[in-house]
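Novice:
Number of protein chains: 2
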Amino acid sequence: MQSGEYTVGQLATAARTKAVTIRYYERQGLMRIPTRTPGGYRIYRSDDLDRLLFILRCRHFGFSLENVRELLQLADQTDAPCAEVDAKVARHLDEVRERLAELQSLEAELQRLSRCCAGGGIVKDCRIIESLSRDIGNSKTPACTP
Amino acid sequence: MQSGEYTVGQLATAARTKAVTIRYYERQGLMRIPTRTPGGYRIYRSDDLDRLLFILRCRHFGFSLENVRELLQLADQTDAPCAEVDAKVARHLDEVRERLAELQSLEAELQRLSRCCAGGGIVKDCRIIESLSRDIGNSKTPACTP
DNA sequence: CTTGACCTTATAGCAACTATAAGGTGCATC
DNA sequence: GATGCACCTTATAGTTGCTATAAGGTCAAG
Chain A
-9 MQSGEYTVGQ LATAARTKAV TIRYYERQGL MRIPTRTPGG YRIYRSDDLD
41 RLLFILRCRH FGFSLENVRE LLQLADQTDA PCAEVDAKVA RHLDEVRERL
91 AELQSLEAEL QRLSRCCAGG GIVKDCRIIE SLSRDIGNSK TPACTP
Chain B
-9 MQSGEYTVGQ LATAARTKAV TIRYYERQGL MRIPTRTPGG YRIYRSDDLD
41 RLLFILRCRH FGFSLENVRE LLQLADQTDA PCAEVDAKVA RHLDEVRERL
91 AELQSLEAEL QRLSRCCAGG GIVKDCRIIE SLSRDIGNSK TPACTP
């Protein structure tokens, strides 16, 4: 193993991820097939580290592995127009905003649910259980108004 | 099949879910084991519908099946104190708020990323790809200031 | 008694890993 | 050269909450 070369574990450490994840990315066609030592150990170089970091940054932005695969393909075609990259990011942003809206209304509902129970009673009288047993989501009159 | 009784498909329709989901909940120990017709068809009654609706409402609130299992157990012990129910809901609300915060910062980051690309260039000059290739999340100077 | 809609089970797949088992390699030390 | 230990290899199963498929059986109507 020469300088500037990494085993899978060293690459993992350098990118703050795990060896299993790198091998998984290889099986999924995201990481390139590396060369091997005579004994079969994977050998990575700095461009593999770049590629891994690119993947991890995309993941950090919430892109699926499928999306990352596509982004990698686009990034490799340096002369292609970047409208597709732009569109992919925009679409992903839309999806994130959608999930955000869902989670916000979920938070509001849960907060309402949470305030139903003062905390000192028994299950039989618990307004939370009552709320979960009736269809509070669809009723016009709320299950409880704390 | 008498009135007030349901096949799995009828129960599914009544609860606006699917038969496979009900059978799945049975395997996971959420729905009770139903009686069967001589031919082996599951027969449900209205309390099974209540239980299914309870499960689906919990799911709507984002509880995991594991949580729902626990909530069902608590709901069955009508004389137990409901502090545990209260705590479970509060903990879940905390988790939802955490995910919400993560998603909000993700949205901000993605929006910044999105504005990096004007849309007319080629991949080689694309600020988005550049941003994904550099570690913009950890750099003090932003990858681009559109 | 046939048709057709429904039911039954078992099994595999999805995403993105994580965990486990059983064994092999590389390198330093004795 | 032998030993020890950290690390590597593969294959396989598990996670969550379903969904899809296959191959077959049942029910009720006509």
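Quick mapping for you: the protein sequence lines, in order, are chains A and B.
Using our numbering, the letters of the first sequence correspond one by one to residues -9 to 136.
Using our numbering, the letters of the second sequence correspond one by one to residues -9 to 136.
Backbone N, C-alpha and C define an ideal beta-carbon position, used for all residues, glycine too.
Predicted model only: the values in this text are computed from it and were never measured.
Would Q94/A pass as an interface residue toward chain B - the criterion being a Cβ-Cβ separation below 8 Å?
Specialist: Taking the first residue of the first sequence as position 1, residue 94/A is located at position 104. Output row for Q94/A: interface = yes.
Novice: Looking at chain A, which residues of the stretch 70 to 101 of chain B have a Cβ within less than 7 Å of any of its Cβ atoms?
Specialist: So the list reads A70, P71, C72, A73, V75, D76, V79, A80, H82, L83, V86, R87, R89, L90, L93, Q94, L96, E97, E99, L100 and Q101, given in the order they occur along the chain.
Novice: Who are the neighbours of D40/A on chain B, taking C-beta pairs under 9 Å?
Specialist: On the first sequence, residue 40/A is found 50 positions in, with the first residue counted as 1. The contacting residues are S123.
Novice: Tell me the start and end of each unbroken beta strand (DSSP E) in the stretch 49 to 126 of chain A that is at least 3 residues and wholly inside, in chain order.
Specialist: Here no run is fully enclosed.
Novice: At a Cβ cut of 8 Å, what residues of the stretch 0 to 12 of chain A count as close to chain B, listed as they run along the chain?
Specialist: Answer in chain order: no residues at all.
Novice: Express the C-alpha separation of M(-9)/A and R26/A in angstroms, rounding to a whole number.
Specialist: Start at 1 with the first residue of the first sequence, and residue 26/A comes out as number 36. Start at 1 with the first residue of the first sequence, and residue -9/A comes out as number 1. So the two alpha carbons sit approximately 10 Å from each other.
Novice: How long is the line joining the alpha carbons of L122/A and E88/B, rounded to whole angstroms?
Specialist: Reading the first sequence from its first residue, position 132 is the one you call residue 122/A. Reading the second sequence from its first residue, position 98 is the one you call residue 88/B. Their Cα atoms are separated by approximately 23 Å.
Novice: Kindly indicate which three-state DSSP category M(-9)/B falls into: helix, strand or coil?
Specialist: By 1-based counting over the second sequence, the position of residue -9/B is 1. Correct three-state label for M(-9)/B: coil.
Novice: Counting only the same chain and skipping the five closest in sequence on each side, list residues whose C-beta sits under 8 Å from that of R35/B.
Specialist: As a working mapping, residue 35/B is identified with position 45 in the second sequence. Hits under 8 Å: G(-6), E(-5) and Y(-4).
Novice: Pull out every residue of the stretch 107 to 121 of chain A whose Cβ sits closer than 7 Å to any Cβ of chain B, in chain order.
Specialist: Result list: C107, G109, G111, I112, V113, K114, C116, I118 and I119.
Novice: So with CB distances below 8 Å, who are the chain B contacts of S104/A?
Specialist: Position 114 of the first sequence holds residue 104/A. Residues of chain B passing the Cβ test: D76, V79, A80 and L83.
Novice: The alpha helix (DSSP H) spanning Y15/A covers which residue range?
Specialist: Locating residue 15/A in the first sequence gives position 25, where the first residue counts as 1. Here the alpha helix (DSSP H) through Y15/A covers A9 to R17.
Novice: Closer than 8 Å by beta-carbon distance: list the chain A residues that pair up with Q67/B, in chain order.
Specialist: Walking along the second sequence from the start, residue 67/B turns up at place 77. Ordered by position in chain A, the residues that pass the 8 Å Cβ test against Q67/B are V113.
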